[in-house]
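One structure is given below, encoded as structure tokens.
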Amino acid sequence: MRPYNFTSIEEKWQKIWKKQKGSIPHASPQQPPKYYLLNMFPYPSGSGLHVGHHTGYVASDILARYYRHQGYQVMNPMGFDAFGLPAEQYAIQTGRHPAITTGINIARYREQFDQIGLDFDWDKQIDTSDPAYYKWTQWIFLQLFNAWYNHTTEKAEPIATLIERFTHQGNHTINAACDEDTPLFSAEEWKRFSPSEQQANLLPYRLAYLKYSTVNWCEALGTVLANEEVKNGCSEVGGYPVTRKKMKQWSLRMTAYAGRLLADLNPLDWPLSTKEMQKNWIGRSEGVEITFKVQGSSDQTIKVFTTRPETIFGVCFMVLAPEHPFASFMAAQTANPMLIDYIEKTKNQTDRNRLIEATGCSGVFLDAYVMHPFTGVPLPIWIADYVLPDYGTGAIMGVPAHDNRDYTFAQAFKLPVMAVIESNKPPEAGAYEAQEGIMINSSLLNGLSVPMAFERIIQELTQKGIGNYRVRYKVRDPIFSRQRYWGEPFPIYYKEDGLPYALAEDQLPLVLPAVNNYKPNQFGEPPLSHALDWATPAGYPFELTTMPGWAGSSWYFLRYMDPHNTHALVDKKQAAYWNQVDFYIGGSEHATGHLLYARFWTKVLYDLGHIDIEEPFLKLFHQGMILSFSALAYRIKDKNEFVSFNLKEGYDVVAIHLPTTFVQKNVLDIEAFKNWRPEFAEATFILENGQYLCGSKLEKMSKSKHNVVNPDTVIAQHGADALRLYLMFLGPLEESKPWDLSGIEGTSRFLHKVWRFVEERDWATTADASADTSEDVTKIMHQTIKKVRGAIESCSFNTAISSLMIFFNKLSVQERVEKMVIENFILLLEPFAPYIAAELWERIYNGEHIKTVAFPTWDEAYLMETSYLYPVAINGKLRTKLMFDGDTPDTIIEKEVLANEIIKKWLSGQKVKKVVIVRNKMINMVT
RNA sequence: GCGGAUGUGGCGGAAUUGGUAGACGCGCUAGACUUAGGAUCUAGUACCGAAUAAGGUGUGGGGGUUCGAGUCCCUUCAUCCGUACCA
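Residue numbering for the first sequence follows numbering that gives the first Met the number 0, beginning at 0 and increasing consecutively.
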């Protein structure tokens with residue numbers, strides 16, 4: 000008998016599969032049903048993959064193998080989201096070109112993918128940093144640049160149709176998504192515009208446009224970050240502080256799509272939590288924009304947005320964001336130092352500080368009033384940093400009686416409070432925010448219910464021409480510029496007029512130039528400023544910023560359908576065949592970033608007629624994280640002294656993650672720790688019982704926490720099959736679960752047992768010798784087939800594996816097993832443990848390959864029960880079990896149960912009121 | 001605050017439509033084989049019941065519906081994730 004030498008078996012099959020790839024014909028060559036599986040695009044990081052990363056990959060591999068066994072045309076591609084910050088940071092430190100390090104990392108990833116037996120379609124591999132790929136990313140950008148959004152048809156259209164309209168009707172009547180301050184012009188004016196003026200007036204309509212915006216500026220990274228790249232006021236990558244800064248940036252007009260992005264979310268088969276997250280992120284609110292006249296001014300007005308217009312009679316003051324133009328106007332008028340100071344202070348504050356310091360209590364009176372549109376009462380205008388400049392109109396009407404923030408503000412500055420909805424909440428208890436009750440103190444609204452008043456006041460405001468019903472979204476247009484080198488260059492150049500112009504399509508790709516320095520230049524311009532001749536042949540300079548990391552990943556699922564096409568981003572026929580991604584697997588951390596952007600780009604490409612789908616991902620699945628214990632030491636703040644776990648209470652300490660290898664049973668190897676980093680060489684320790692005890696925390700595996708488990712070592716020790724099996728056996732795929740190395744012994748043992756069982760037998764002869772398969776073996780085989788198929792289809796891989804174990808435990812006690820039975824067993828095992836399955840199959844079938852053999856099917860007839868062992872309960876408590884044939888009439892069952900000794904004993908003296916008999920389930924007697 | 005998810009043995013976790021709670025695996029206990037075992041095999045393993053008995057208790061807590069609840073309803077607590085002055 001050969002020993003189970005998984006290392007050589009796995010190496011052998013890796014070689015065979017590499018050669019075979021593409022050469023195995025599918026079960027049905029003519030237009031088989033397709034199945035498009037997709038893993039989220041990995042960024043090839045320098046630290047390689049850890050075991051947790053493999054969870055999703057192995058899961059998709061199981062599905063791919065399963066559906067291939069079923070004759071599906073399965074696409075399960077893999078590629079690399081190769082542009083990104085870490086490679087560039089590394090380039091800044093070392094001067095090595097990011098492409099080189101990225102290439103090395105990709106090769107490493109590929110090796111790790113191969114090792115664990117992932118059957119990806121490598122001929123479709125994508126690399127976003129490859130000019131052949133980013134040519135099309137740039138092409139899509141041009142589509143965005145050359146399109147506008149028509150709110151009447153709710154569709155993007157080529158910019159030419161907009162020009163057409165401008166020529167005939169100007170822009171007064173166009174219902175387009177555009178900048179708020181877009182100037183109005185007539186057809187005549189348009190025609191009189193110079194080409195530059197026309198270009199300038201088109202810009203605010205483009206789906207990709209330039210605008211000054213307050214951005215998240217990260218000094219340390221030297222770039223702008225998107226909202227979701229900022230966590231707690233720090234950059235997600237590296238954790239550097241982020242400040243606010245006004246810069247001219249490319250932005251994408253995603254807000255135009257907010258309504259569709261929200262509405263189309265509903266039918267998707269996505270985790271509820273992710274849908275909710277996207278809904279909240281898009282943040283739809285219905286309300287009214289109301290214009291208030293400034294007292295003593297003939298033309299100045301202040302617009303507010305409110306979702307509670309019915310409370311208009313409860314307005315006691317106005318609050319503007321300090322950034323509001325009227326605030327600057329008044330500051331200039333009054334030269335009030337407090338006001339100027341407050342505006343200045345807010346401007347320089349980071350978002351984070353603004354949140355921490357602002358408790359709704361700071362603000363300055365502007366010394367101006369607006370007039371209430373119905374009562375004419377003057378309302379004081381204040382500025383306060385609790386009003387955000389970017390949401391709504393950057394101004395609110397203060398209704399302290401029915402809004403908690405306004406209430407707090409009113410309290411702080413002793414402003415009046417006026418209730419307009421009847422409630423039994425006393426005025427000093429805070430705002431009554433519920434949207435129910437009867438209107439009071441509200442003139443024409445008195446006596447109406449809140450919803451009725453809402454409708455009524457909108458009518459009234461609209462009629463009087465001072466308010467409009469509006470739907471507002473919280474979501475902002477994402478900024479698309481990064482002041483970085485390692486990204487897609489914009490196919491944009493600037494003429495003397497300072498305006499952006501698009502490169503012609505046939506000029507693509509615009510290849511990222513070489514630079515000798517990856518940092519900004521002395522004027523703070525992005526790294527591309529170092530590139531020589533970074534201009535068109537006519538000498539017009541190219542855009543210096545590059546696209547963000549999510550550009551390439553917003554459409555890659557389309558490119559996999561037709562990865563080598565040089566004429567189009569995807570051939571229409573290919574796109575029609577593969578259609579949508581049937582099953583998308585990846586982490587939930589992309590809920591509001593990638594998953595939203597990809598949906599947005601899909602809709603744009605759909606509107607412009609390049610593809611026929613409006614949603615990219617039909618079904619989405621988030622694999623859970625693999626957690627791992629990290630080790631913690633406690634450093635006393637501002638000292639190089641560490642205090643042991645149980646003594647740390649009395650000190651102000653900072654927990655420091657250290658490599659788990661330094662810790663044995665919570666005891667720290669102090670020498671190892673001192674040698675770890677120079678700054679700890681002189682560290683001192685406060686011990687307990689002569690030892691330093693570390694703390695531990697179960698958390699997500701990450702390099703920074705030093706708690707990663709490297710799959711290479713696990714594979715070397717137990718084999719890839721055992722690791723695959725273990726990762727899937729741990730628990731439900733979608734749940735996070737802790738990594739426990741001792742657990743892998745179980746799956747490893749199982750594979751060893753399977754190996755011995757198959758190897759020990761001579762399948763050429765035993766097949767004849769025991770042609771008879773016992774009834775219960777047949778039955779459990781069919782049960783297992785049914786169970787495994789169902790479990791795979793519902794991604795319940797842990798239960799599939801346990802049923803395989805149950806099946807095998809049954810087989811292993813049989814003296815003889817028919818070849819057909821073990822054949823089915825190996826086939827069922829194959830998606831989970833492909834190496835051992837291939838090897839054993841080859842042994843049984845002398846060289847035949849398992850990959851495209853049809854998956855076993857079950858026959859329901861074998862699962863029928865002829866008799867059933869009924870649990871018999873009295874008042875719901877199990878007392879005994881009795882066997883009855885399936886055709887035994889209820890009356891006989893009842894009689895026999897009542898005659899049973901044990902039941903008689905329990906029933907002694909009690910009258911049976913009712914006997915519940917549920918066929919093939921249970922019997923319950925009620926007394 | 002708001003939104004979402006999860007609570008079952010020592011541990012990871014099973015349990016179609018409500019119908020034998022704890023499958024499967026880890027760990028542990030005992031035994032067998034062995035020079036040895038961190039290899040392998042056999043048996044046991046929710047808890048209380050001193051105990052392999054009778055019996056009782058048990059799916060975060062409390063209540064309810066039902067012949068019957070881990071599963072359905074109400075309520076409450078804890079943990080995790082996301083989000084945060086969004087007017």
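Yeah, the Cβ is synthetic: ideal placement off N, Cα and C, and Gly gets one too.
The structure displayed is predicted, hence computed values, not measured ones.
Notebook entry, point to check: Quick one: what's got a C-beta closer than 8 Å to A326's C-beta in the same chain, skipping five residues either side?
Noted result: Position 327 of the first sequence, counted from the start, is the residue given in the question as residue 326. The residues are L319, A320, L338, I342, L365 and I382.
Check: Can you check whether the CB of P870 is closer than 8 Å to the CB of V50?
Finding: Position 51 of the first sequence, counted from the first residue, corresponds to residue 50. Position 871 of the first sequence, counted from the first residue, corresponds to residue 870. No; because the gap between Cβ atoms is not below 8 Å, this pair is not in contact.
Next item on the list: Using the Cα positions of G55 and L62, report the straight-line distance between them to the nearest angstrom.
Entry: Taking the first sequence and counting its residues from 1, one reaches residue 55 at position 56. Taking the first sequence and counting its residues from 1, one reaches residue 62 at position 63. Put simply, the backbone Cα of G55 is about 11 Å away from that of L62.
Check: How many Å lie between S46 and T290 at the Cα?
Finding: The residue you call residue 46 lines up with position 47 of the first sequence. The residue you call residue 290 lines up with position 291 of the first sequence. Roughly 56 Å between the two C-alpha positions.
Item checked: Reduced DSSP category for S250 - H, G, I as helix; E, B as strand; rest coil -> The sequence position of residue 250 within the first sequence is 251, counting from 1. Of the three classes helix, strand and coil, the one that applies to S250 here is strand, per DSSP.
Note to self: Please classify P2 as buried or exposed, where buried requires at least 16 neighbouring CB atoms within 10 angstroms.
What the structure shows: For the purposes of this step, residue 2 is taken as residue 3 along the first sequence, with counting starting at 1. Flag for P2 reads exposed.
Check: Would you say the stretch 474 to 487 touches the stretch 248 to 259, given that touching needs at least three Cβ pairs under 8 Å?
Finding: Using a Cβ-Cβ distance cut-off of 8 Å, the stretch 474 to 487 and the stretch 248 to 259 are in contact, since at least three pairs of beta carbons, one from each stretch, lie closer than that value.
Note to self: Helix, strand or coil, according to DSSP, for E275 in the structure here?
What the structure shows: Working through the first sequence from its first residue, we reach residue 275 at position 276. It is helical.
Margin query: My assumption, with CB atoms under 8 Å, is that V662 sits in contact with V652. Please give the rounded CB distance.
Written below: As a working mapping, residue 662 is identified with position 663 in the first sequence. As a working mapping, residue 652 is identified with position 653 in the first sequence. That pair is no contact at about 17 Å.
Next item on the list: For D997, name the three-state secondary structure that DSSP assigns.
Entry: In this structure the chain extends from 0 to 926, so residue 997 is not present and cannot be described.
Next item on the list: Pick out the complete alpha helix (DSSP H) segments inside the stretch 47 to 118, 4 residues or longer, and give them in chain order.
Entry: Those alpha helix (DSSP H) runs which fall completely within the stretch 47 to 118 and span 4+ residues are 50 to 68, 84 to 93 and 97 to 114.
Notebook entry, point to check: Just checking my contact of W147 with R205 at CB under 8 Å: how many whole Å lie between their CB atoms?
Noted result: Here residue 147 refers to the residue found at position 148 of the first sequence. Here residue 205 refers to the residue found at position 206 of the first sequence. Sure, about 6 Å apart at Cβ, within 8 Å.
Next item on the list: Tell me whether T181 sits in a helix, a strand or coil according to DSSP, three-state version.
Entry: Walking along the first sequence from the start, residue 181 turns up at place 182. In the structure shown, T181 sits in coil (DSSP, three-state: anything other than H, G, I, E or B).
Check: With distances taken between CB atoms, is the gap from I439 to A418 smaller than 8 Å?
Finding: Indexing the first sequence from 1 puts residue 439 at position 440. Indexing the first sequence from 1 puts residue 418 at position 419. Yes, the Cβ-Cβ distance between I439 and A418 is below 8 Å.
Next item on the list: Measure the Cβ-Cβ separation of V293 and A367 and say whether it is below 8 Å.
Entry: On the first sequence, residue 293 is found 294 positions in, with the first residue counted as 1. On the first sequence, residue 367 is found 368 positions in, with the first residue counted as 1. In this structure, V293 sits near A367, with a CB-CB distance shorter than 8 Å.
Next item on the list: For I843, collect the residues of the same chain with a Cβ closer than 8 Å to its Cβ; drop the 5 residues on either side in sequence, then sort them by chain order.
Entry: In the first sequence, the residue the question calls residue 843 occupies position 844. Hits under 8 Å: V757, W762, K818, I821, E822 and I825.
Note to self: With DSSP as the reference, identify every bridge partner of Y3, one or two as the case may be.
What the structure shows: Position 4 of the first sequence, counted from the first residue, corresponds to residue 3. Under DSSP, Y3 shares a beta bridge with no residue.
Notebook entry, point to check: Comparing alpha-carbon positions, which option in A719, K278, M780 and T392 lies nearest P324?
Noted result: Within the first sequence, residue 324 is the residue found at index 325, counting from 1. Nearest option by C-alpha distance: T392.
Notebook entry, point to check: Near Q13, what residues of its chain come up, given a Cβ to Cβ distance below 8 Å and the 5 sequence neighbours on each side ignored?
Noted result: Within the first sequence, numbered from 1, the residue matching residue 13 stands at position 14. So the list reads D113, Q114 and G116, once near-sequence residues are dropped.
Checklist line | Integer-rounded CB distance, given that L220 should sit under 8 Å from D581 | finding: The residue you call residue 581 lines up with position 582 of the first sequence. The residue you call residue 220 lines up with position 221 of the first sequence. The pair is not a contact, with the Cβ atoms about 37 Å apart (cut-off 8 Å).
Margin query: For the stretch 726 to 739 against the stretch 783 to 802, do three or more pairs of beta-carbon atoms, one drawn from each stretch, fall closer than 8 Å, so that the two count as touching?
Written below: Yes, the stretch 726 to 739 touches the stretch 783 to 802.
Check: Does the Cβ-Cβ distance between A682 and L657 come in under 8 Å?
Finding: On the first sequence, residue 682 is found 683 positions in, with the first residue counted as 1. On the first sequence, residue 657 is found 658 positions in, with the first residue counted as 1. Pairing A682 with L657 gives a Cβ-Cβ distance that is not under 8 Å.
Notebook entry, point to check: For W754, which residues of its own chain have a beta-carbon under 8 Å away from its beta-carbon, when the five flanking residues on both sides are left out?
Noted result: For this step, residue 754 is matched to residue 755 along the first sequence. These residues qualify, in order along the chain: Y3, I835 and L839.
Margin query: If I measure Cβ to Cβ from V398 and keep anything under 6 Å in the same chain, skipping five residues before and after, which residues do I get?
Written below: Stepping through the first sequence from its first residue, residue 398 is reached at position 399. Sequence-distant partners of V398 (beyond 5 residues in either direction) whose C-beta falls short of 6 Å from its own C-beta, in its chain, are T310, G313, V314 and D405.
Next item on the list: Report all residues from its chain with a CB closer than 6 Å to the CB of E435; omit the five preceding and five following residues, and keep chain order.
Entry: Numbered from its first residue, the first sequence carries residue 435 at position 436. Setting aside the 5 residues that flank it on each side, E435 is surrounded in the same chain by V449, each with a C-beta closer than 6 Å to its C-beta; the list follows chain order.
Next item on the list: Figure out for me which residue from Y42, D120 and L48 has the closest Cα to the Cα of P85.
Entry: For the purposes of this step, residue 85 is identified with residue 86 of the first sequence, where counting begins at 1. Taking only the C-alpha atoms, the option nearest P85 is Y42.
Notebook entry, point to check: Excluding the five sequence neighbours on either side, which residues of its own chain have a C-beta within less than 8 Å of the C-beta of L750, listed in chain order?
Noted result: As a working mapping, residue 750 is identified with position 751 in the first sequence. Excluding its 5 nearest sequence neighbours in each direction, L750 has C-beta neighbours in its own chain below 8 Å: Y3, F5, G718, D720, A721, L724, A832 and I835, listed in chain order.
Next item on the list: Just the C-alpha distance for Y66 and D118, rounded to the nearest angstrom, thanks.
Entry: Start at 1 with the first residue of the first sequence, and residue 66 comes out as number 67. Start at 1 with the first residue of the first sequence, and residue 118 comes out as number 119. When rounded, the distance between both Cα atoms is 12 Å.
Next item on the list: Look at the alpha carbon of Y493 and the alpha carbon of F541, and state the distance between them as a whole number of angstroms.
Entry: Here the question's residue 493 lines up with position 494 in the first sequence. Here the question's residue 541 lines up with position 542 in the first sequence. If you draw a straight line from the Cα of Y493 to the Cα of F541, it comes to about 6 Å.
Next item on the list: Rounded to whole angstroms, what's the CA-CA distance from G927 to R634? Just pull it up for me.
Entry: The structure shown does not extend to residue 927, since the chain is modelled only from 0 through 926, so no value can be given for it.
Notebook entry, point to check: If P97 and W485 are in contact, beta carbons under 8 Å, what's the gap, nearest whole angstrom?
Noted result: As a working mapping, residue 97 is identified with position 98 in the first sequence. As a working mapping, residue 485 is identified with position 486 in the first sequence. Rounded, the Cβ-Cβ distance is 4 Å, consistent with contact.
Note to self: Taking the straight line between their C-alpha atoms, what separation do you get for H25 and K786?
What the structure shows: As a working note, residue 25 is residue 26 in the first sequence. As a working note, residue 786 is residue 787 in the first sequence. Low confidence applies to H25: its pLDDT is 47, below 50, so where it sits in the model is not reliable, and the reading given next is rough at best. The straight-line gap from Cα to Cα measures roughly 25 Å.
Notebook entry, point to check: Roughly how many angstroms lie between the CA atoms of A400 and A433, to the nearest whole one?
Noted result: Here residue 400 refers to the residue found at position 401 of the first sequence. Here residue 433 refers to the residue found at position 434 of the first sequence. In this structure, the straight-line span from the alpha carbon of A400 to that of A433 is close to 11 Å.
Next item on the list: Just the C-alpha distance for R455 and G446, rounded to the nearest angstrom, thanks.
Entry: Reading the first sequence from its first residue, position 456 is the one you call residue 455. Reading the first sequence from its first residue, position 447 is the one you call residue 446. Between the alpha carbons of R455 and G446 lies a gap of roughly 12 Å.
Checklist line | Status (buried if at least 16 other CB within 10 Å, exposed otherwise) for F556 | finding: Translated into positions along the first sequence, residue 556 becomes position 557. Burial call: buried.
Checklist line | Reduced DSSP category for I8 - H, G, I as helix; E, B as strand; rest coil | finding: The count along the first sequence starts at 1 and reaches residue 8 at position 9. In the structure shown, I8 adopts helical secondary structure according to DSSP, grouped into three states.
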